[in-house]
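Visitor: To convert a position in the sequence shown, counted from 1, into the working numbering, add 21.
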Amino acid sequence: MAEGLFISIEGIDGSGKSTQLDHLTKRLDLEGIPYLLNREPGGSGVGMQIRQIVLDPKNPVSPTAELLLYFANRAQNVDEQIRPAMAEGKLVISDRYTDSTLAYQGVARDLGQDLVAQLHAIACRGTEPTLTIYLRIRPEVSANRLRNAKKDRLEAEGAAFHFRVYQAYEALAAAHPERIVPVNGERGEGSIADDIWRILMERWQRRDS
Ligand SMILES: Nc1ncnc2c1ncn2[C@@H]1O[C@H](COP(=O)(O)OP(=O)(O)OP(=O)(O)O)[C@@H](O)[C@H]1O
Ligand SMILES: [Mg+2]
22 MAEGLFISIE GIDGSGKSTQ LDHLTKRLDL EGIPYLLNRE PGGSGVGMQI
72 RQIVLDPKNP VSPTAELLLY FANRAQNVDE QIRPAMAEGK LVISDRYTDS
122 TLAYQGVARD LGQDLVAQLH AIACRGTEPT LTIYLRIRPE VSANRLRNAK
172 KDRLEAEGAA FHFRVYQAYE ALAAAHPERI VPVNGERGEG SIADDIWRIL
222 MERWQRRDS
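1) Could you check whether Ile74 and Thr153 sit closer than 9 Å to each other, using their CB atoms as the reference points?
2) Report the three-state DSSP secondary structure of Pro203 (helix, strand or coil).
3) Ligand 1: which residues have Cβ under 5 Å from any of its heavy atoms, chain order?
4) Counting pairs of beta carbons, one from the region 100 to 118 and one from the region 46 to 64, are three or more of them closer than 8 Å?
5) Cβ of Asp116 within 8 Å of any heavy atom in ligand 2?
6) Along the chain, which unbroken stretches of the beta strand (DSSP E) at least 3 residues long are found entirely within the region 149 to 204?
7) Do you know whose CA, among Arg146, Ala124, Ala142, Leu136, lies nearest Arg185's CA?
8) Quick one: grab the DSSP three-state call for Tyr91.
9) Asp50: buried (16+ other C-beta within 10 angstroms of its C-beta) or exposed?
10) Could you have a look at Ser121 and say whether DSSP puts it in helix, strand or coil?
11) Indicate the three-state DSSP secondary structure (helix, strand or coil) for Val75 in the structure shown.
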């Protein structure tokens with residue numbers, strides 16, 4: 022059986038990740054392509070409990086505790102969800118993965134990308150996405166989209182924080198052009214979905230090579 026394929030989707034809050042994953046999973050269902058959708062924080066029973074701790078605006082989670090909670094969640098999902106699905110030949114799609122931690126905790130929270138990389142090695146043990154779709158939108162566009170939304174603990178951070186996250190994503194995309202594919206997210210949902218489908222299917226069809 023063919024090995025699966027592990028991909029992630031990244032981008033600042035409100036860049037349209039969840040919206041695009043709805044489009045994508047509908048299309049995968051239609052085509053009969055087996056997949057696993059992993060969401061961070063969340064994605065497993067343990068992950069959902071961690072998600073509540075991390076995102077609750079009433080919780081005074083310290084920056085280092087936040088970092089470790091994200092990696093505890095990820096370690097759990099790698100073992101319980103991602104690796105078994107890969108072994109079954111599935112397409113594994115993660116709504117956020119370590120690039121998010123590099124951007125939010127490493128850069129925006131200033132904990133350092135080296136520390137994040139060390140914890141990534143411990144938690145993920147070589148489970149890396151082959152392809153990362155980066156939904157690129159400017160922070161002012163996302164702020165406009167989310168202006169009436171109820172915000173979680175990280176979304177409630179100020180404009181300077183979100184700008185740092187955006188800059189970190191831009192730097193990651195520039196540093197890893199072989200893996201991270203930027204997709205213009207400031208367009209209609211349908212044309213973004215078409216682009217993502219094309220990029221993904223090209224990679225899926227040559228997953229054994
Ligand atoms: N292409 C688009 N054009 C305009 N608005 C959009 C587009 N895609 C999504 N939206 C809207 O923007 C908001 C945020 O979208 P969505 O929840 O998909 O983003 P997200 O990246 O998953 O955010 P988060 O990081 O908070 O999970 C929603 O109200 C959604 O309807
Ligand atoms: Mg989302």
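All C-beta atoms, glycine included, are put in the ideal place defined by N, C-alpha and C.
These figures come from a predicted structure and were not determined experimentally.
Guide: The answer reads as follows:
1) no
2) strand
3) Asp34, Gly35, Ser36, Gly37, Lys38, Ser39, Thr40, Arg166, Glu210
4) yes
5) yes
6) 152 to 157
7) Ala124
8) helix
9) exposed
10) helix
11) helix
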